[in-house]
Structure formats: C-alpha cells, structure tokens
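Start counting the sequence shown at 1; every next residue gets the next number (our numbering).
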Amino acid sequence: MTVRSRILLVFFLALASGFFALERWLSLELRPRYYQSFEEPLVDMANILAEIAGQEFNKPDPDFNRLQFALQRVYQRDPQADIYGLHKNNIDIRVYITDSKGIVIFDSYYKAVGQNFSKWRDVYLTLQGRYGVRSSPLTEIPLRRDELEARSIAYVAAPIYRDDDLVGVLSVGKPKVNVSRFILTARRDLLWAVAGVAVLVLLTVTMLYLWISRPLFQVAQFAQRIAQGETLSTPNLGDNEIGSVADAIAAMRQALDGKQYIERYTQTLAHELKSPLTSIKASAELSLEDMPVLQRQRFIRNIQTENERALNLIQRLLELAAVENRQGVVDKKPLALEEIVEEIAVALHAALRQKQLTLVITAINDVTLVGERFLIRQALFNILDNAIGFSAVGGQITLSVIAEPNRTVIIVHDQGPGIPDYAQDRLFERFYSLPRPDSQTRNSGLGLSFVREVMELHQGTATLISGQGGTEATLVFPAN
Numbered sequence: 001m002t003v004r005s006r007i008l009l010v011f012f013l014a015l016a017s018g019f020f021a022l023e024r025w026l027s028l029e030l031r032p033r034y035y036q037s038f039e040e041p042l043v044d045m046a047n048i049l050a051e052i053a054g055q056e057f058n059k060p061d062p063d064f065n066r067l068q069f070a071l072q073r074v075y076q077r078d079p080q081a082d083i084y085g086l087h088k089n090n091i092d093i094r095v096y097i098t099d100s101k102g103i104v105i106f107d108s109y110y111k112a113v114g115q116n117f118s119k120w121r122d123v124y125l126t127l128q129g130r131y132g133v134r135s136s137p138l139t140e141i142p143l144r145r146d147e148l149e150a151r152s153i154a155y156v157a158a159p160i161y162r163d164d165d166l167v168g169v170l171s172v173g174k175p176k177v178n179v180s181r182f183i184l185t186a187r188r189d190l191l192w193a194v195a196g197v198a199v200l201v202l203l204t205v206t207m208l209y210l211w212i213s214r215p216l217f218q219v220a221q222f223a224q225r226i227a228q229g230e231t232l233s234t235p236n237l238g239d240n241e242i243g244s245v246a247d248a249i250a251a252m253r254q255a256l257d258g259k260q261y262i263e264r265y266t267q268t269l270a271h272e273l274k275s276p277l278t279s280i281k282a283s284a285e286l287s288l289e290d291m292p293v294l295q296r297q298r299f300i301r302n303i304q305t306e307n308e309r310a311l312n313l314i315q316r317l318l319e320l321a322a323v324e325n326r327q328g329v330v331d332k333k334p335l336a337l338e339e340i341v342e343e344i345a346v347a348l349h350a351a352l353r354q355k356q357l358t359l360v361i362t363a364i365n366d367v368t369l370v371g372e373r374f375l376i377r378q379a380l381f382n383i384l385d386n387a388i389g390f391s392a393v394g395g396q397i398t399l400s401v402i403a404e405p406n407r408t409v410i411i412v413h414d415q416g417p418g419i420p421d422y423a424q425d426r427l428f429e430r431f432y433s434l435p436r437p438d439s440q441t442r443n444s445g446l447g448l449s450f451v452r453e454v455m456e457l458h459q460g461t462a463t464l465i466s467g468q469g470g471t472e473a474t475l476v477f478p479a480n
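Structure below.
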C-alpha cells in the first residue's frame with residue numbers, strides 16, 4: 001500500500017471513528033443527562049409539598065381536602081406554555097401520600113387510596129431513610145423495549161416528619177414523554193450537525209490529501225529514478241519539509257558519487273582502531289618487564305579487554321556507517337558516568353604511566369547521562385587520549401563534572417602547551433590535526449570530528465578552549 005493510500009485510509013478511519021464515537025456518546029450520555037435535569041426539580045417539588053402536607057399530620061385525623069381542591073384547580077389550568085417548541089396545555093403531575101406503614105391516604109388521581117404501596121421503591125426506600133424514586137409504565141398496554149423508558153412516569157418521594165418522627169411519605173410523579181421528545185429532537189439536531197461537519201471535514205481532507213500526496217509522489221519518482229542511475233535536476237517542491245527531502249536526496253547522490261561516504265568511515269575506522277591497539281602495545285611492552293605477578297596479570301587482562309573493544313569497535317563503526325544520517329541515538333539508556341570514566345582510566349593506564357601523568361577525577365559520583373554507552377565512552381576516550389598526547393611528561397589531567405538541572409557538563413583540563421590561534425577554529429574539522437609536542441607526529445584528525453558527531457547525536461555540544469594553563473575540553477549533555 002502506498003503512502004498516499006495510507007494517508008487517505010487514515011483520514012477515513014479517523015472520520016468514521018469520530019462519527020461513531022459521537023453517535024455512541026449521544027446514545028449513552030445524552031439521555032441520562034436529560035433525565036437528570038428532569039428528576040432534579042421533582043425532588044424540590046416533593047420536599048416542598050411534603051412540608052405543606054406535613055401540617056395535617058399534627059391533627060389526630062389528617063384532612064387533605066384543601067390539598068385535593070388546590071390540585072383539582074391546578075389540573076383545570078391551561079398554561080399555554082411554549083417550551084422550545086413544545087406546546088404544553090395541561091398539568092400532568094400526580095401526587096399521593098402514604099402513612100408510615102405505606103398505606104395510601106391521599107391520591108390526586110383518586111386511584112390508589114387505601115392500597116398498600118409499602119413495597120414500591122419510592123415509598124419503601126423513603127421509609128428506610130433513603131432517597132426514594134421509581135419509574136412505572138404509563139399504561140397497561142405492552143410496550144416495546146425501546147418505548148418503556150419514554151412512555152413511563154417517574155415518581156420521586158420525600159419524607160413527612162412530625163417533630164423528628166417519620167410519619168408518612170409524599171410522592172410526586174410526572175410522565176417522561178415530554179422529556180423523551182426533547183431527547184429525540186436534540187439527538188436528531190446533533191446528528192444532522194455532525195453529518196454536516198463530517199461532509200465539511202471530508203471535503204477538507206480530500207483537498208489536503210491531494211495537496212500533500214502530489215509532492216510525495218514526485219519525491220518518490222525522483223528517488224526511484226536516482227536509484228536507477230539517471231541524472232536529474234532536483235524538482236522544485238517549495239520551501240517545506242517535502243522540498244527539503246528532495247534536496248537531501250540530491251545531496252546524498254552527490255556524496256555517493258564522490259565516494260565521500262566510504263572514504264570518511266574507512267578513515268574513522270582506522271583512527272579509532274589505533275587507540276585500543278596502542279593500549280595493547282603499551283601493555284604488552286610493560287608486561288615484558290620485571291614486575292609482580294598480579295601487576296603482569298592486570299596488563300594481560302587489559303590486553304584482552306582492549307582486544308575485545310577493538311573487535312566491538314569495528315562492528316559498531318560499521319553499524320554507525322550504515323546509519324550515517326540517523327536523527328537520534330540508537331540505544332538510549334541511563335548511564336552511570338563514574339563507571340564509564342573508571343573503565344576509560346583502566347584502558348589508558350599504560351599510556352598515562354608512560355608519560356608519568358596523573359589523572360585526577362572529581363565530582364562524578366551519582367552523575368547519570370542518558371544516551372548510547374558506546375558512543376559516549378568513545379567520545380570521552382578520544383578527549384582523554386588527546387589530552388594525554390598533548391600533555392608534558394609528569395603533568396596532570398583533570399576530569400570534573402558540573403551537574404545542573406537542565407544539563408550535565410564534563411570538563412577535561414590538561415597542562416599542555418595549548419592551541420595556536422590559527423588552529424582554534426579548525427580543530428573539529430575532519431583530517432585536521434596538530435603535531436604532538438613530544439614526537440611532532442600527527443594523527444589522522446578524525447578523533448575530535450568523531451566527538452562532535454557524537455555530541456550532535458545527543459543534542460549536546462563540544463568545545464575546546466586554550467589558555468596559559470593548558471587546554472580545556474568541555475562536553476555539554478542536555479538533561480534528557
């Protein structure tokens with residue numbers, strides 16, 4: 001499936017999912033919210049009427065004639081109300097009162113006086129001191145399941161007290177048919193609105209798809225023809241990400257034509273292998289001298305370790321070559337800086353000893369970096385190896401760390417002769433190097449370039465500053 005088809009498919013799936021989710025919300029959430037707003041005023045009405053009716057329970061024989069008369073007059077009223085399109089011309093509430101045993105002693109509809117309502121939920125729960133409410137069918141006619149809720153009457157009960165004693169229950173009932181009409185109207189209007197929005201979104205998505213997919217198709221055709229060896233001019237796709245991709249493909253073609261890719265990583269591999277081989281050579285020479293057995297074993301173990309590192313270095317640099325343009329670190333993990341520095345110090349022990357140098361390590365306890373261990377270790381190794389090469393015999397190299405909330409700064413300071421002014425801006429260039437003070441030999445000039453690439457992969461920076469007291473290399477890692 002092409003990228004263009006995937007984009008279109010994702011758009012359609014997102015649109016269908018959103019429409020389905022909204023329809024489900026309307027089905028599951030809209031109805032309860034309307035019924036909540038319907039039930040809440042019934043609670044107020046029931047409690048108000050309960051207080052009014054409760055005055056009759058102060059008499060030995062409660063008389064509800066005044067309440068009955070008032071309700072009969074209410075039923076004769078014509079409100080002539082227009083409630084958002086609903087024309088209401090009658091009052092449809094029902095009120096009944098039971099005593100403390102659940103026997104109906106008043107019914108505004110004259111239907112249930114004398115009946116036992118103690119098992120009905122509204123009366124039963126209220127007599128138990130809880131919130132009483134129930135819903136019952138309006139008629140005895142069998143109804144479909146989807147009509148049961150709409151063609152029913154809701155009853156909300158309130159307790160009647162005499163002093164602090166519960167002496168009766170007053171229930172107020174109201175049909176749900178009107179609120180069901182509100183729900184259906186609201187649901188229909190919302191669905192029409194959603195359908196209109198869906199059509200608008202569909203048109204917008206179609207235009208966006210055509211706008212995006214055409215440049216993608218051109219880039220794909222350009223890349224395919226480049227891969228077939230054709231010489232083409234870079235298509236003008238505008239100043240945007242897709243245009244940048246086309247420019248990057250053209251730049252990549254030029255790099256491959258010039259064999260720059262292969263040459264650079266061949267030089268890098270040769271340079272990076274020099275460090276472990278130098279350590280192996282120094283350890284082998286020192287192990288030939290007279291020394292305690294334990295110390296000789298230490299150098300032999302160092303030879304084994306550096307040999308394994310050289311083999312791993314070859315493999316990892318080949319992997320690094322395969323992902324030259326990667327945008328992030330392949331293997332990000334929290335790393336204990338102290339462990340990495342101690343490992344490097346062991347690897348450089350022979351080189352430090354040959355020049356009688358002292359490596360002072362400070363403030364690295366409990367410092368954690370996030371990144372790829374191999375790359376960070378090799379970058380620090382290159383910096384320290386560079387400091388050893390430019391340090392005078394008997395000098396000191398200091399490695400210190402500044403841990404800040406948003407970054408970690410590693411500083412390596414040597415007591416060498418410093419960097420000439422003419423070379424200050426070129427130190428990180430590929431193949432540029434300065435002669436070592438003691439031997440006047442030059443390295444390949446890829447070590448610091450490798451350090452810069454590693455820091456860029458970790459969104460950090462690398463700098464070298466020279467002064468009268470030597471040279472200071474600074475590596476800055478962001479907190480994440």
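Ideal placement from N, C-alpha and C gives every residue a C-beta, glycine not left out.
Predicted model only: the values in this text are computed from it and were never measured.
For A223, the residue or residues it bridges with in DSSP: None, per the DSSP bridge assignment.
Residue range of the beta strand (DSSP E) that Y131 falls in? For Y131, there is no enclosing beta strand (DSSP E), as DSSP gives it neither H nor E.
Rounded to whole angstroms, how far is the Cβ of V451 from the Cβ of A379, which I believe are closer than 8 Å? V451 to A379, Cβ: 5 Å. Contact.
Using three-state DSSP, classify R426 as helix, strand or coil. Coil, per DSSP.
In the DSSP output, which residue or residues are listed as bridge partners for H87? Among the bridge pairs identified by DSSP, H87 is matched with D82.
Which residue or residues does DSSP assign as beta-bridge partners of T305? For T305, which the question treats as bridged, DSSP gives no partner whatsoever.
DSSP-derived helix/strand/coil call for K333: Residue state, collapsed to three classes: strand.
Could you give the C-beta distance for N406 and P478, rounded to a whole number, given that I count them as a contact under 8 Å? Right, their Cβ atoms sit about 7 Å apart.
Could you work out which residue in L352, R377, L184 and T461 is closest to G85 when comparing CA atoms only? Nearest option by C-alpha distance: L184.
By alpha-carbon positions, which one of Y109, I97 and S108 ends up nearest to N116? Closest by alpha carbon: I97.
Sort out for me which residues DSSP pairs Q396 with in a bridge. Answer by DSSP bridge pairing, in chain order: T358.
Starting from L170, follow its DSSP beta bridges and name the residues at the other end. According to DSSP, which records beta bridges pairwise, L170 is partnered with I97 and A158.
Cβ shell of T471 (< 8 Å), same chain only, five flanking positions each side left out: Answer for T471: A387, F390, H413, D414, G416, G418, I419, L464 and I465, listed in chain order.
If contacts are defined as beta-carbon pairs under 8 Å, then G114 and Y124 qualify, I think. What distance do you get, rounded to the angstrom? The distance from the Cβ of G114 to that of Y124 is about 18 Å, inconsistent with a contact at the 8 Å cut-off.
Continuous alpha helix (DSSP H) stretch holding F38: start and end: According to the DSSP assignment, F38 belongs to the alpha helix (DSSP H) that extends over R31 to G54.
According to DSSP, residues forming a beta bridge with R477: The question names Arg, yet the displayed sequence has Phe at residue 477. Listed as beta-bridge partners of F477 by DSSP are T408.
Endpoints, the beta strand (DSSP E) within which L369 is located: Annotation for L369: the continuous beta strand (DSSP E) segment containing it runs T368 to G371.
Tell me whether F20 is buried or exposed, calling it buried when 16 or more other Cβ atoms sit within 10 Å of its Cβ. Looking at its Cβ environment, which holds fewer than 16 other Cβ atoms inside 10 Å, F20 is exposed.
Spatial distance of L399 from A220 (CA atoms): About 49 Å.
For S136, count neighbouring Cβ atoms within 10 angstroms of its own Cβ and tell me buried if that reaches 16, exposed if not. In this structure S136 is exposed. Its beta-carbon is surrounded by fewer than 16 other beta-carbon atoms within 10 angstroms.
In the structure shown, what three-state DSSP assignment does A462 receive? A462 falls in the strand class under three-state DSSP.
Measuring only the C-alpha atoms, how far is A462 from T474? Each residue's Cα considered, the two are about 6 Å apart.
Can you find the residues in the same chain that come closer than 7 Å, C-beta to C-beta, to A403, ignoring five residues on each side of it along the sequence? Only residues of its own chain outside the window of five on either side were considered, and among them V367 have a CB closer than 7 Å to the CB of A403, listed in chain order.
May I have the straight-line CA-CA distance separating R73 from L15, to the nearest angstrom? So the two alpha carbons sit approximately 55 Å from each other.
What would DSSP say about F106, mapped onto helix, strand or coil? Reduced to three states, the DSSP call for F106 is strand.
Please work out which residues of its chain come closer than 6 Å, Cβ to Cβ, to I75, disregarding the five sequence neighbours upstream and downstream, and give them in chain order. It is Tyr, not Ile, that sits at residue 75 in the sequence shown. Same-chain partners within the cutoff: I91.
What does DSSP give as the partner residues of H413 in its beta bridges? DSSP output for H413 lists T398 and E472 as bridge partner(s).
Buried/exposed call for L488, threshold 16 Cβ in 10 Å: Absent from the model: residue 488. The displayed extent of the chain is 1 to 480, so no value can be given.
Member of A53, P41 and I340 whose CA lies at the smallest distance from the CA of L71: When only C-alpha atoms are compared, the closest one is A53.
For F390, report the span of its alpha helix (DSSP H) as first-last. Boundaries cannot be given for F390, as no alpha helix (DSSP H) includes it and DSSP labels it neither H nor E.
Would you be able to state if there are at least three C-beta pairs under 8 Å between the region 157-173 and the region 206-215? Pairwise C-beta distances place the region 206-215 out of contact with the region 157-173, as fewer than three of them are shorter than 8 Å.
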